[in-house]
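K.L.:
Just passing along the structure, written as structure tokens.
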Ligand code: ME8
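Residue numbers (my numbering): 46 to 543.
What follows is the structure, given as structure tokens:
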């Protein structure tokens, strides 16, 4: 089966921050997990480079939009490798192949009769690149997201007949209750549709930093339509020798933050229908990372630097923390104190310690060779979780999936305490018991490690290497699937004290 997961493409008007890292990490967990299951995966991320947010930031810095975009796109492009994110391609909307495909698709929307010219008059936020209707505005005509005054815009635009898609969108939501998750976001999108859809601007006349409208050389496409199309255009040129559209479209999951729901849940499927292209299968909308109760964002300036965290603690620790501490799909607070707490209690003391003591005991009591013995059945139930974890990841319920695995990690630590192998080792007559305990522990550690691999690729690889069982195929996530008798390597502390 083909599996296609995307993140939003990020604005290049500033440097990447923790919010961007968050979505990229989540998408990576899904991509890695699916690869373990043998699926053909395509994972896309990239940068959104056109429109006012970038043009205005460039003006403030006294450089051209292209210069600013080139400089910051490099920083965004450098983020996935730092996070151990395994994207298959990085799209930039300034790629000429993207622009050509945008023109092709939107020309089709035009030729299909869904576009007309009219005067636009209304409020506009240049940071959101969004036209605001009355109920989307803050006090005194400000943007409720950015807190800046809105601009009163007055210009001739090409309009997209979104209102024509009222019924098709209602049908889509009726037919596919899993089109948008979590449920609260589905309801929010549906409520927006139920209010009655208005046509929207498809182009801007005042701006030159964008993809030119092929039938009107005085206009460029409104940045949101250009940006949304990245999910589709990338497939046509990501692999130089092959058009991947047939294989991967419609996308399996678009992951987005709740700030951009309207564009993805309403404009995007409507636009695709207008171009006679199948809408994506699922949108998953996660919440905001909050710091001191406020949305963390580059324009508010209150950010934890993901690069710094990774440099000190490693990418695995950040990946674990973000998906564990903030329920994926809801808002959640982040803080360095909470991060350090999880690092120490869960990574160092629970998983890290389970791995090091298991391996150390095999060295101490059995010269590093895992004894062959019957596995302890009492661990079976706690460790037979591969299907449950897979079902949860299928729904992008990444926090629940991680919690399910973590319960097994804790069960294994309890098993060590209950069985007290150090006592068993003192009694020669109980050699068989010790074999069983060590063999079961190694197998249990291997199972949770295969399951955790998508979340913490680096640490788990080290553990599997030390266990001399490097296979991460999902079939290996079953208790009993491992080959006993391996000889173990050494393991340096996975999560050392900082
Ligand atoms: O909106 N908490 O780009 P953007 C959680 N270019 N996630 C956060 C976050 C936070 N505090 N801050 C940012 C754009 N994000 C458009 C998207 S897509 C066709 C075009 C994440 O740079 C989250 O995924 O403002 C959010 O949706 C995205 O970054 C917005 O990034």
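Using N, Cα and C, we set each Cβ at its ideal position, and we do this for glycine too. All figures in this text were calculated on a predicted structure; none of them were measured in a lab.
Which residue's Cα is closest to the Cα of residue 248: 265, 447 and 199?
P.N.:
265
K.L.:
Can you give me the C-alpha to C-alpha distance between residue 506 and residue 197, rounded to a whole angstrom?
P.N.:
55 Å
K.L.:
Relative to ligand 1, is the shortest distance from any of its heavy atoms to the C-beta of residue 548 smaller than 7 Å?
P.N.:
The chain is shown only over 46 to 543; residue 548 falls outside these bounds and no answer can be derived.
K.L.:
Are residue 490 and residue 403 touching if we call contact CB-CB under 8 Å?
P.N.:
In terms of Cβ geometry, residue 490 and residue 403 form a close pair [threshold 8 Å].
K.L.:
For a test of the three-state rule: what should DSSP assign to residue 178, helix, strand or coil?
P.N.:
coil
K.L.:
Assign residue 151 to one of two classes, buried (16 or more other C-beta atoms within 10 Å of its C-beta) or exposed (fewer than that).
P.N.:
Residue 151 comes out buried.
K.L.:
Could you tell me if the beta carbon of residue 370 falls within a distance shorter than 7 Å of some heavy atom in ligand 1?
P.N.:
Incorrect: residue 370 has no Cβ contact closer than 7 Å to ligand 1.
K.L.:
Using CA coordinates, which residue listed in 260, 381 and 172 is at the minimum distance from residue 304?
P.N.:
172
K.L.:
Look up residue 484 in the DSSP assignment and say whether it is helix, strand or coil.
P.N.:
helix
K.L.:
For residue 170, which beta-bridge partners are listed by DSSP?
P.N.:
The partner list for residue 170 (beta bridge, DSSP) reads 175.
K.L.:
Taking the alpha helix (DSSP H) that residue 297 falls in, what are its first and last residues?
P.N.:
Counting along the chain, residue 297 falls outside any alpha helix (DSSP H), and DSSP gives it neither H nor E.
K.L.:
With a CB to CB cut of under 8 Å and the five nearest residues on each side skipped, what residues in its chain are close to residue 603?
P.N.:
As shown, the chain starts at 46 and ends at 543. That puts residue 603 outside it, with no answer to give.
K.L.:
Whole angstroms is fine: what's the gap from residue 464's alpha carbon to residue 427's?
P.N.:
16 Å
K.L.:
By how many angstroms is the C-alpha of residue 330 removed from the C-alpha of residue 306?
P.N.:
7 Å
K.L.:
Is residue 310 near residue 328, with beta carbons less than 8 Å apart?
P.N.:
yes
K.L.:
Contact defined as beta carbons within less than 8 Å: I believe residue 98 pairs with residue 58. What is the distance between those atoms, to the nearest angstrom?
P.N.:
Taking a contact as a CB-CB distance under 8 Å, the pair residue 98 and residue 58 counts as one, their CB atoms being some 5 Å apart.
K.L.:
Where residue 157 and residue 144 are concerned, what is the direct C-alpha to C-alpha distance, given to the nearest angstrom?
P.N.:
20 Å
K.L.:
So for residue 414, helix, strand or coil by DSSP?
P.N.:
strand
K.L.:
Regarding residue 192 and ligand 1, is the C-beta to nearest heavy atom distance less than 7 Å?
P.N.:
For residue 192, the Cβ stays outside the 7 Å cut-off from all heavy atoms of ligand 1.
K.L.:
Is the beta carbon of residue 138 less than 8 Å from the beta carbon of residue 93?
P.N.:
yes
K.L.:
When the Cα of residue 294 is compared with those of 136, 301, 284 and 278, which residue comes out closest?
P.N.:
278
K.L.:
Taking the beta carbon of residue 155 as the centre, do at least 16 other beta carbons fall within 10 Å, making it buried, or is it exposed?
P.N.:
It is buried - the Cβ of residue 155 has at least 16 other Cβ atoms within 10 Å.
K.L.:
Are residue 415 and residue 483 close, meaning C-beta to C-beta below 8 Å?
P.N.:
Yes; because the gap between Cβ atoms is below 8 Å, this pair is in contact.
K.L.:
Restricting to runs no shorter than 4 residues, where is the alpha helix (DSSP H) found entirely within the segment 122–209?
P.N.:
Entirely contained in the segment 122–209, the alpha helix (DSSP H) runs reaching 4 residues are, in chain order, 141–156.
K.L.:
Nearest-angstrom Cα distance between residue 319 and residue 210?
P.N.:
Looking at the two C-alpha atoms, the distance is approximately 8 Å.
K.L.:
With residue 85 as the anchor, note down where its beta strand (DSSP E) starts and where it stops.
P.N.:
85–93
K.L.:
Per DSSP, which one or two residues make a beta bridge with residue 249?
P.N.:
265
K.L.:
Do you know how far the Cα of residue 449 is from the Cα of residue 549?
P.N.:
Because the chain in this structure spans residues 46 to 543, residue 549 falls outside the shown range and cannot be described.
K.L.:
For the putative contact between residue 207 and residue 170, defined by C-beta atoms under 8 Å, what is the C-beta separation to the nearest angstrom?
P.N.:
The pair is not a contact, with the Cβ atoms about 19 Å apart (cut-off 8 Å).
K.L.:
Do residue 130 and residue 69 have their CB atoms nearer than 8 Å?
P.N.:
yes
K.L.:
Please determine, among 75, 54 and 48, the residue with the shortest C-alpha to C-alpha distance to residue 442.
P.N.:
75
K.L.:
By DSSP, does residue 53 sit in helix, in strand, or in coil?
P.N.:
strand
K.L.:
At least one CB of chain D closer than 8 Å to the CB of residue 52: is that the case?
P.N.:
Absent here is chain D; the protein component of the structure consists of one chain.
K.L.:
Spatial neighbours of residue 199 within its chain, please: C-beta separation below 8 Å, excluding the five flanking residues on both sides.
P.N.:
164, 165 and 166
K.L.:
At a cut-off of 7 Å, is residue 272 close to ligand 1 when judged by its beta-carbon and the heavy atoms of the ligand?
P.N.:
yes
K.L.:
Please state the DSSP three-state secondary structure of residue 504.
P.N.:
helix
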